[in-house]
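Here's the structure, in structure tokens; my notes come after.
Protein chains: 2
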Amino acid sequence: MAQNKKEEFKKSEIELAEFAKAISHPARVAILKAIAAKDMCICGEIVDVLPLAQSTVSQHLKELMKAGLIQGSIDGTKSCYCINWKTFDKFASEFNSFFNKAKTKAESSRKDCC
Amino acid sequence: MAQNKKEEFKKSEIELAEFAKAISHPARVAILKAIAAKDMCICGEIVDVLPLAQSTVSQHLKELMKAGLIQGSIDGTKSCYCINWKTFDKFASEFNSFFNKAKTKAESSRKDCC
DNA sequence: GAAATTAATCGTATATTTACGATATAAAAT
DNA sequence: ATTTTATATCGTAAATATACGATTAATTTC
Numbered sequence: 148m149a150q151n152k153k154e155e156f157k158k159s160e161i162e163l164a165e166f167a168k169a170i171s172h173p174a175r176v177a178i179l180k181a182i183a184a185k186d187m188c189i190c191g192e193i194v195d196v197l198p199l200a201q202s203t204v205s206q207h208l209k210e211l212m213k214a215g216l217i218q219g220s221i222d223g224t225k226s227c228y229c230i231n232w233k234t235f236d237k238f239a240s241e242f243n244s245f246f247n248k249a250k251t252k253a254e255s256s257r258k259d260c261c
Numbered sequence: 148m149a150q151n152k153k154e155e156f157k158k159s160e161i162e163l164a165e166f167a168k169a170i171s172h173p174a175r176v177a178i179l180k181a182i183a184a185k186d187m188c189i190c191g192e193i194v195d196v197l198p199l200a201q202s203t204v205s206q207h208l209k210e211l212m213k214a215g216l217i218q219g220s221i222d223g224t225k226s227c228y229c230i231n232w233k234t235f236d237k238f239a240s241e242f243n244s245f246f247n248k249a250k251t252k253a254e255s256s257r258k259d260c261c
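Protein chains in written order, with the working numbering: chain V, 148 to 261; chain P, 148 to 261.
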């Protein structure tokens, strides 16, 4: 049981879900906000503003990296992150087109059933 | 360990994360798509188009209900779902304002560090 | 070169999610 | 009234996510 069925869905559905998953934890939303606020890469400063242990923050950063939402570079002993606007934009527009498509489709045949 | 720290974040961060979580599984994206495509409430038809057991689909529908993204009504033995555009819109605009705010803030002080 | 700093990774405990079959419930059809 | 149909709920197994402390690795600073 609990076998993974995720791969049986459409690519676009999987991608949208993965993007959503990347921002489905308040810590990761907060991290993105913090990085965007200073724009340029902050590093251990993120740990200071979050109510989480350093190792936990590192784990969340790794997930954001995996999703391609942030980029990192090493500067001495410090690590430096910034938003990857390319994928950020890509997902934002995919997200919007999903919503808008759904909405216009629905509006053309609205039946107010529920 | 693994105690829940989610409540220690800002309300807006928690809400955005919860919304993202609701659509963080391809099955739920597919369900929303399916409902929106016909606009009006379909029901067991959703089970037919998904590669999941009836009970699993029911569980995903319950989550979308909990998040307020869909509404349901009972019609005989059948169950009928449709998109709740009110919360749908609310979240879409919250999502966009998050992205846009982040982006304009960043652009004003871009340093291209990574 | 030793000590301190910074951040990633490892190991691990716990919590949550995902998935299913079985069962329950309730209306419709026979 | 019984059977069928449609869907929700329960119980449960397995997978994943979350969180932390301890450790490692790599630079700086002393």
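No residue lacks a Cβ here, since even glycine has one placed at the ideal position from N, Cα and C.
By Cβ distance, which residues of its chain are closer than 8 Å to residue i, with the 5 residues on each side in sequence left out?
i: V/Glu241; result: Ser159, Glu162, Leu163, Phe166
i: V/Gly153; result: Reading off the sequence shown, one finds Lys at residue 153 of chain V, where the question assumed Gly. Counting only Cβ-Cβ distances below 8 Å, and skipping sequence neighbours, we find Ile161, Ala164.
i: V/Thr251; result: none
i: V/Asn231; result: Gly215, Leu216, Ile217, Gln218
i: V/Ile221; result: Cys227
i: P/Glu210; result: Ala169, Arg175
Measure the CB-CB distance between residue i and residue j and report whether it falls below 8 Å.
i: V/Leu216; j: V/Thr203; result: no
i: P/Ala169; j: P/Ala214; result: yes
Using CA atoms only, rank isn't needed, just tell me which of the options is closest to residue i.
i: V/Cys261; options: P/Lys250, P/Cys229, P/Phe238; result: P/Cys229
i: P/Pro198; options: V/Asn247, V/Phe156, V/Phe246, V/Phe238; result: V/Phe156
i: P/Gln206; options: P/Lys250, P/His172, P/Glu154; result: P/His172
i: V/Asn151; options: P/Ser226, P/Asp222, P/Ala174, P/Trp232; result: P/Ala174
i: P/Ser226; options: P/Lys248, P/Cys188, P/Asn247, P/Asp236; result: P/Cys188
i: P/Asn247; options: V/Leu179, V/Ile221, V/Cys190, V/Lys168; result: V/Leu179
i: V/Phe238; options: P/Asn243, P/Asp236, P/Leu208; result: P/Asn243
Looking only at its chain, what residues have a beta carbon closer than 7 Å to the beta carbon of residue i, apart from the 5 residues adjacent to it on each side?
i: P/Val196; result: Ala181
i: V/Phe142; result: Lying outside 148 to 261, the shown extent of chain V, residue 142 of chain V is not represented and no answer is given.
i: P/Met212; result: Gly219
i: V/Cys190; result: Lys225, Ser226, Cys227, Tyr228
i: P/Ala183; result: Ile230
For residue i, which residues of its own chain have a beta-carbon under 6 Å away from its beta-carbon, when the five flanking residues on both sides are left out?
i: V/Val176; result: Ile170
i: V/Val194; result: Gln201, Val204
i: P/Gly223; result: none
> Counting only runs that start and end within the region 159 to 206 of chain V, where is the alpha helix (DSSP H) found for 4 or more residues in a row?
Replying inline: Fully enclosed alpha helix (DSSP H) runs of 4 or longer: 173 to 184, 191 to 196.
> In chain order, which continuous runs of the beta strand (DSSP E) of length 3 or greater are located wholly inside the region 204 to 256 of chain V?
Replying inline: Within the region 204 to 256 of chain V, the complete beta strand (DSSP E) segments of 3 residues or longer fall at 217 to 222, 225 to 230, listed in chain order.
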